[in-house]
Structures are given as structure tokens and as C-alpha cells.
Amino acid sequence: SSLAASRLPAMEVVDDSLPESASADGSPELSDEGQQWKDKSRVHAVAHKVFDTMLFAGEVLVDFFGLEKSPYQEHIDIARRQRKRERRRKRMQDAAQQQQEASIIGQMEAPEQEDSADSN
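Here the numbering used here is used: the first residue of the sequence shown is 846, the next is one more, and so on.
Structure, rendered in C-alpha cells:
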């Protein structure tokens, strides 16, 4: 641990405060370097805001025009709906067939039950 610490370069302490000098009335005045730093900071903030606004507007336009979708998405959705309809139709058809078979079996068993009731 101490060996690793000895190999690391020494960290410099950077003063991020704005260089100031006092005016005649005692209020702080920025030096030329401080004014340049402040101007750069303002330009950076404005540029960031403009970029952020343009990014948001771009996302809204992409959504509005549907540019994020696959060009074939409409065809994919239609095929998906058709498959779903076909599965639903098949389930309904199978249920109707099972009900019809149950009805036929019930009719076939009904006379046997009557015969067994008569024999008792």
C-alpha cells in the first residue's frame, strides 16, 4: 500500500475560485482572467441549453414522423394480428367440435341409462 502510494504523482490543489480584486467602493471586481472564465462559463451554459433543446426537438420529430420504427413494422403488425385471429378461430372451432362430440356421446349414453333404469 505504501509502495503504491509512493509511485503516484503528487496531486496539485487547483483553486477554482475566480480571481478578484477590490474596487474603490470595496465590492469585488473580476480581473481579466476572471471575466474570461465567467464569459466561458456563460457560453458553455448557453451552448448546453441550446444542444439540450435541439436534442429534445429531434426526439419529438422522430416520434412524430415514426422514424424510429422499422419500415416493415406495419406489415409485421398485420401478420401478427392475422396469426392471433387464426389461433382464436381455431380455438373456437375446436371448442365447438368438442361440444358437438360431447353432445353426441351424451345422446348415445342417454338410451343406455334409460335401459338400465327400466331394468331396475
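Glycine residues also receive a C-beta, built at the ideal position from the N, C-alpha and C atoms.
In this text the structure is predicted, and so the values were computed from the model without any measurement.
Note the first and the last residue of the continuous alpha helix (DSSP H) segment covering residue i.
i, result
"GLU913", "No alpha helix (DSSP H) holds GLU913; DSSP gives it neither H nor E."
Keeping to the same chain, check which residues put their C-beta closer than 8 Å to that of residue i; ignore five residues upstream and five downstream.
i, result
"VAL907", "GLU913"
Using a Cβ-Cβ cutoff of less than 7 Å, which residues in the same chain neighbour residue i once the five nearest sequence positions on both sides are dropped?
i, result
"GLN945", "none"
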